[in-house]
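So the structure is just underneath, and the comments pick up after that.
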Amino acid sequence: MSYALSPEQVEIQSLVRRVARERVAQRADDIDRSADYPQDMYDLLRELGLFTLPFPAEYGGTGSVLSACIAVEELGRVCYNTAYLLVVQWLPFGAILAGGNDEQKARLLPGLASGELRGAFSTTEPQSGSDVSGIRTRARACEGGYRIDGAKIWCTNAAVSDFVLVAAKTGEQADGGAINLFIVERGTPGFKIGRKEDKMGARGVPSSPLFFDGVFVPERNRLGSAARGFKIVMEAFNQSRPLIAARGIGLAQGAIDHASAFIQERHAFGQRVGEFQGVRWMLADMAIQTEAARQLVYRAASLVDAGVTGAELATTAAMAKCFATDVAMRVATDAVQLFGAAGISNEYPINRYFRDAKVLQIVEGTNQIQRNIVANALLGRPAARPA
Ligand SMILES: Cc1cc2nc3c(=O)[nH]c(=O)nc-3n(C[C@H](O)[C@H](O)[C@H](O)COP(=O)(O)OP(=O)(O)OC[C@H]3O[C@@H](n4cnc5c(N)ncnc54)[C@H](O)[C@@H]3O)c2cc1C
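Position 357, counted from 1, in the sequence shown is what the numbering used here calls 400; the numbers after and before it change by one each time, with no gaps.
Okay, here's the thing in structure tokens:
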């Protein structure tokens, strides 16, 4: 399996790298500090046509997850939040592409691809995050559709979205029935979006609680079949995991960029800090780990592009997400160390990288959950615990 970049991918890389340097980098600190949604960055991504990147040609895309990873990496190198704007849009797109019917695809995908529509994806609830089977939000069948009751937390992008894909259990038994996804449109009576979280990292893209009080959702807004819709979408998420991992390599590379510049300017004991062997080896290790993560992420993306599915993709994609985001955390931690006290000061950008890296180890399946996927592939699932 080859993942050398094609001439088209090299072109995407150099275009996005230039735009990131010239138009995104100078906004990154302000977005982080103000925690205001960066509408100007959203408009820039639209102008460049980047929302379409990973998707089939019929939606104006390249059909290549590797191309999309490259764009995410270049943006994430200077601004986590701007890279996040792409990824957060791609989750509902991927879900509808995998699990939606023709009418739902025709209604929503062109708008998501062009950036005219915004979407969000919501499974997490106060009592259950990693364990999706523990959700309590309920969708009860009624005439013409469903009524949804329940509450969600940490739904990213909901505050600016036209619709949210909401996971809810159907059925009447105490533990609910199968999980289904429902398209809940903004402004639907009974659907409320709460106050955004004040977050340590990923501050520019809002994450909010959601409340559902007898929200009517018509039948045409249930995604996929009642029995299999959710499972199909969760399987499809293996394909978007390399995109999440790509934020890790971009972040690590950006932290290396800042640390390299700093240690070449800063002096101690009569020489540049960058001339101490201990410091040079630290930087070398940061670069080695980042390159290793990049190769794993590109390989996972190339598997998707080659049409590989099933256990091989699931395992490689989990390895890529886990490794790249753990590397991002280690590299960002070392970068702060190389800045000394300046690394702690908000006058320098490096602590932003540190805070954003921590988020990456938790979102879109924590790194423990990714390790479970890999361990299960090696050993099989652990025996069920006695009740
Ligand atoms: C910035 C941000 C944005 C988010 N955006 C969204 C969003 O848009 N939509 C959405 O639905 N959710 C979103 N989330 C929620 C996120 O998906 C969950 O936080 C995540 O899945 C973990 O769930 P939890 O926080 O409930 O932790 P828990 O599941 O309670 O886990 C607590 C700890 O236990 C560990 N753990 C749990 N189970 C196991 C296990 N089986 N083996 C080993 N360790 C385990 C976890 O890894 C973690 O360290 C977001 C979170 C953040 C921080």
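No residue lacks a Cβ here, since even glycine has one placed at the ideal position from N, Cα and C.
P232 carries a coil assignment under DSSP once its states are collapsed to helix, strand and coil. Pairwise C-beta distances place the region 133-151 out of contact with the region 171-182, as fewer than three of them are shorter than 8 angstroms. Inclusion of K148 and R181 in the CB contact set at 8 angstroms is not warranted, their separation being larger than that value.
Shortest Cα-Cα distance from G187 to any of R263, A71, E65, A302 involves R263.
Note on geometry: alpha-carbon atoms of H301 and A378 lie some 8 angstroms from one another. At least 8 angstroms separates the beta-carbon of V374 from that of I306. In this structure, DSSP gives T213 a state outside helix and strand, which the three-state scheme calls coil. For R66 and R309, the gap between their C-alpha atoms comes out near 27 angstroms. With a 10 Å radius around the Cβ and a threshold of 16 neighbouring Cβ atoms, G423 comes out exposed.
For the options G353, P81, E90, the alpha carbon positioned closest to that of E278 is the one of G353. Residue nearest to L339 within the set A427, G220, V248, I292 is I292 (criterion: CA-CA distance). In this structure S176 is exposed. Its beta-carbon is surrounded by fewer than 16 other beta-carbon atoms within 10 angstroms. Taking the Cβ of I275 as the reference point, every heavy atom of ligand 1 lies at 7 angstroms or farther away. The alpha-carbon of N200 is positioned some 15 angstroms away from that of G230. Close CB contacts of T166 within its chain, under the 7 angstroms cut and outside five residues either way in sequence, are with V175, I178, A210 (chain order). Boundaries of the beta strand (DSSP E) around D256: 250-261. Taking 8 angstroms as the cut-off, the Cβ atoms of G193 and F273 do not count as close. A Cβ-Cβ separation of about 5 angstroms places G158 in contact with F94 under the 8 angstroms criterion. In the three-state reduction of the DSSP assignment, C122 falls in the coil class, being assigned neither a helical nor a strand state. Scanning its chain for C-beta atoms nearer than 6 angstroms, with the 5 sequence neighbours on each side dropped, one finds around G237 the residues S251, P252, in chain order.
Classified as exposed, A47 has fewer than 16 neighbouring CB atoms from the shown chains inside 10 Å of its CB. At a threshold of 7 angstroms, S250 counts as near ligand 1, since its beta carbon sits closer than that to one of the ligand's heavy atoms. Beta-carbon to beta-carbon, G233 and G257 are separated by about 5 angstroms, close enough to satisfy the 8 angstroms threshold.
Taking 7 angstroms as the cut-off, one finds no heavy atom of ligand 1 near enough to the beta carbon of W133. In this structure, ligand 1 has no non-hydrogen atom nearer than 7 angstroms to the beta-carbon of K212. If you draw a straight line from the Cα of Q314 to the Cα of W324, it comes to about 17 angstroms. Distance from the CA of N124 to the CA of D79, rounded to the nearest whole angstrom, comes to 10 angstroms.
In this model, M84 and A384 are separated by some 31 angstroms (Cα to Cα). Straight-line spacing of the CA atoms in G137 and V322 works out to 43 angstroms. Your pair L286 and C122 does not check out as a contact, with CB atoms roughly 16 angstroms apart and the cut at 8 angstroms. In the DSSP assignment, K195 falls outside any alpha helix (DSSP H) and lies within the beta strand (DSSP E) extending over 188-199. Residue range 162-165 is occupied by the beta strand (DSSP E) that includes G162. With respect to T358, I416 sits close: the two C-beta atoms are nearer than 8 angstroms. Assigned with DSSP and collapsed to three states, V108 falls in helix.
Of the heavy atoms belonging to ligand 1, none sits nearer than 7 angstroms to the Cβ of S283.
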